[in-house]
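Contents: one structure, followed by commentary.
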Amino acid sequence: MVELLVVALSLFVFAMFSQRFSLSPVTAPMVFAAVGLLMGTVGVDLFDLTLDREVVSVLVEGTLVLVLFTDAARIDLRALRTEAALPSRLLGIGLPLTIIAGAALAAVLFRELTLVEAGLVAAVLAPTDAALGQAVVSDRRLPVRIRQTLNVESGLNDGIMVPVVTVLLALSVAEAGSTGTEAWGEFVARQLGFGLTIGVLAGAGGGWLLHRRASSDAVEGTYRQLAALSVAVGAFAGAEVLGGNGFIAAFVAGLAFARVAAAECANVRDFTEDEGELLTALTFLIFGAALAAPRLGHLTWQIGLYAVASLTVVRVVPVLIALARSGTLLETRLFVGWFGPRGLASILFALLVSQELEGGGAETILDIAVWTVLLSIFAHGLTASWWAGRLGNRIALRHDAVAENRSVPELPTRRDLS
Numbered sequence: 056m057v058e059l060l061v062v063a064l065s066l067f068v069f070a071m072f073s074q075r076f077s078l079s080p081v082t083a084p085m086v087f088a089a090v091g092l093l094m095g096t097v098g099v100d101l102f103d104l105t106l107d108r109e110v111v112s113v114l115v116e117g118t119l120v121l122v123l124f125t126d127a128a129r130i131d132l133r134a135l136r137t138e139a140a141l142p143s144r145l146l147g148i149g150l151p152l153t154i155i156a157g158a159a160l161a162a163v164l165f166r167e168l169t170l171v172e173a174g175l176v177a178a179v180l181a182p183t184d185a186a187l188g189q190a191v192v193s194d195r196r197l198p199v200r201i202r203q204t205l206n207v208e209s210g211l212n213d214g215i216m217v218p219v220v221t222v223l224l225a226l227s228v229a230e231a232g233s234t235g236t237e238a239w240g241e242f243v244a245r246q247l248g249f250g251l252t253i254g255v256l257a258g259a260g261g262g263w264l265l266h267r268r269a270s271s272d273a274v275e276g277t278y279r280q281l282a283a284l285s286v287a288v289g290a291f292a293g294a295e296v297l298g299g300n301g302f303i304a305a306f307v308a309g310l311a312f313a314r315v316a317a318a319e320c321a322n323v324r325d326f327t328e329d330e331g332e333l334l335t336a337l338t339f340l341i342f343g344a345a346l347a348a349p350r351l352g353h354l355t356w357q358i359g360l361y362a363v364a365s366l367t368v369v370r371v372v373p374v375l376i377a378l379a380r381s382g383t384l385l386e387t388r389l390f391v392g393w394f395g396p397r398g399l400a401s402i403l404f405a406l407l408v409s410q411e412l413e414g415g416g417a418e419t420i421l422d423i424a425v426w427t428v429l430l431s432i433f434a435h436g437l438t439a440s441w442w443a444g445r446l447g448n449r450i451a452l453r454h455d456a457v458a459e460n461r462s463v464p465e466l467p468t469r470r471d472l473s
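For our numbering, count along the sequence shown from 1 and bump the result up by 55.
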């Protein structure tokens, strides 16, 4: 009960000072991760929060299902067609190069990992979470095109990485001798096939029915939000029951839902602004207490070097290559390269790896991911507002003379606790 009291007090105190925090470099993920660290087993030890990993997984999985579905639902791919150049470069060129660079560095620094496991490290840390540096997608001083680029990248890359992590994890398990080659091939086919199929059926079918009933005023306002949420949960659960990947299903369901029921997407966003923020706060608090705190003593120079490199050269250099000849300023390209924070998706992917993969490699991957996410929470949170303002002011002085000021459609952002 002491644990529940601390969680409740943390949420209440943050709420009381949330306006002041919004004007400072301090973000909600920083606050709640710090509270978790303080209260964790290696912190002041006020209570023992060595939680069963399954409990942690349920919370993080639930949050990620919601994030994947809502991210996919809020990214209007039809509107994006008119100006998809920068996001397409980041996802089509930058993301693969980031995985290759991250895998190569992991293979060099962690000789105990196989090449497939090194690739798994890179894949786990490839998705970005713009909410850790919320100012970069919400600060109006920045041109819409820059904010939109980071917003779209963050909204799509976690869903894109789910099948990549799934395949690499299956390969790692097969390589460890737990399953045969045929078994892992069948597993991957089931995961991808059922995940995609159930996602399309749930998203399109549920979205079409909800939109039809809501248009005839048959669905009361609150239940429009709950119905949309049930589509996400149903897609996840349905795929898992059939042996598919629930996260792929949730992401695909969001894309299909937005396609057939665009008018209902506002209800999805309304839900995530309240209940979604609560889940995110709890996730970062428990991340600090149950995952980060017990691993403070696991830091080695290899893990520290990889965490720093993952957030800098492993991310920045591929972004510079991807955005070459885009007409944007060098500082803009560096800004986009730096703001690739690692958050919820990386936490969950690392937990999945530790559950499915046996041996020391799984713990090494979890240690690397935890330290990288922990560093990202504070490094990106502290620099977001300052650099967003600096770059925005510099571009404003150039008026319309730079590519950053090109007009693009503005899509909703993932409003988070920041």
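The C-beta atom is built at its ideal place from N, Cα and C for all residues, glycine as well.
Here the structure is a predicted model, which is why all the values come from computation and not from measurement.
Give every residue of the same chain whose Cβ lies closer than 7 Å to the Cβ of residue i, excluding the five residues on either side of it in the sequence, and list them in chain order.
i       : result
Glu-116 : Leu-403
Pro-373 : Gly-149, Leu-152, Thr-153, Ala-156
Ser-65  : Phe-87, Val-90, Leu-340
Ile-253 : Ala-290, Gly-293, Ala-294, Leu-297, Gly-299, Ala-304
Leu-160 : Tyr-361, Ala-364, Val-369
To which residues of the same chain is residue i closer than 6 Å at the C-beta, ignoring the five residues directly before and after it?
i       : result
Ala-344 : Gly-91, Met-94, Gly-95, Leu-104
Arg-196 : Gly-444, Gly-447
Ser-462 : none
Ala-158 : Ala-173, Gly-174, Ala-177
Ala-269 : Arg-279
I need the DSSP call for residue i, collapsed to helix, strand or coil.
i       : result
Arg-144 : helix
Glu-275 : coil
Asp-379 : Here residue 379 turns out to be Ala, not Asp, going by the sequence shown. Here Ala-379 sits in coil by DSSP.
Asn-300 : coil
Asp-184 : coil
Ile-130 : coil
Asp-349 : Note that residue 349 is Pro in the sequence shown, not Asp. Reduced to three states, the DSSP call for Pro-349 is helix.
Gln-246 : helix
Ala-318 : helix
Gly-95  : coil
Gly-254 : helix
Val-57  : helix
Arg-449 : helix
Val-323 : helix
Leu-194 : A quick correction: the sequence has Asp, not Leu, at residue 194. Coil, per DSSP.
Ser-462 : coil
Pro-373 : helix
Ala-456 : coil
Thr-367 : coil
Pro-80  : coil
Gln-189 : coil
Pro-151 : helix
Gly-309 : helix
Leu-264 : helix
Span of the alpha helix (DSSP H) holding residue i?
i       : result
Ala-400 : 399-411
Phe-390 : 385-393
Gly-214 : 199-230
Ser-73  : 73-77
Thr-355 : Unbroken run through Thr-355: none, as it is neither H nor E.
Leu-168 : First-last for Leu-168: undefined, no H or E at that position.
Ala-336 : 332-341
Below 8 Å CB to CB, which residues in the same chain sit around residue i once its five sequence neighbours on both sides are set aside?
i       : result
Ala-300 : Residue 300 is actually Asn in this sequence, not Ala. Contacts found: Val-217, Pro-218, Thr-221, Gln-246, Leu-247, Phe-249, Gly-250, Ala-294.
Phe-102 : Legend: pLDDT at Phe-102 = 49, less than 50; position of this residue unreliable, value from coordinates given subsequently. Excluding sequence neighbours, Phe-102 sits near Val-57, Glu-58, Val-61, Met-94.
Using 9 Å as the threshold, is the C-beta distance between residue i and residue j below it?
i       : j       : result
Ser-381 : Ala-185 : no
Ala-181 : Ile-154 : yes
Pro-198 : Asn-460 : yes
Ala-439 : Gly-188 : yes
Gly-258 : Gly-309 : yes
Gly-444 : Thr-82  : no
Val-122 : Asp-213 : yes
Gly-395 : Glu-208 : yes
Val-363 : Leu-430 : yes
Thr-125 : Val-323 : yes
Ser-227 : Gly-416 : yes
Cys-320 : Ala-313 : yes
Ala-128 : Leu-211 : no
Thr-335 : Pro-84  : yes
Val-391 : Leu-145 : yes
Thr-383 : Ala-434 : no
Val-111 : Leu-346 : yes
Phe-165 : Gln-410 : no
Ala-405 : Ala-377 : no
Glu-167 : Thr-419 : yes
Phe-67  : Phe-76  : no
If I'm right that residue i touches residue j with Cβ under 8 Å, what's the distance once you round it to whole angstroms?
i       : j       : result
Thr-183 : Leu-399 : About 10 Å; that fails the 8 Å criterion.
Arg-397 : Thr-367 : Not a contact, Cβ separation roughly 12 Å.
Ala-316 : Gly-262 : 4 Å
Val-408 : Leu-224 : 6 Å
Leu-265 : Val-255 : That belief does not hold up - the Cβ atoms of Leu-265 and Val-255 are roughly 16 Å apart, past 8 Å.
Leu-337 : Val-62  : 7 Å
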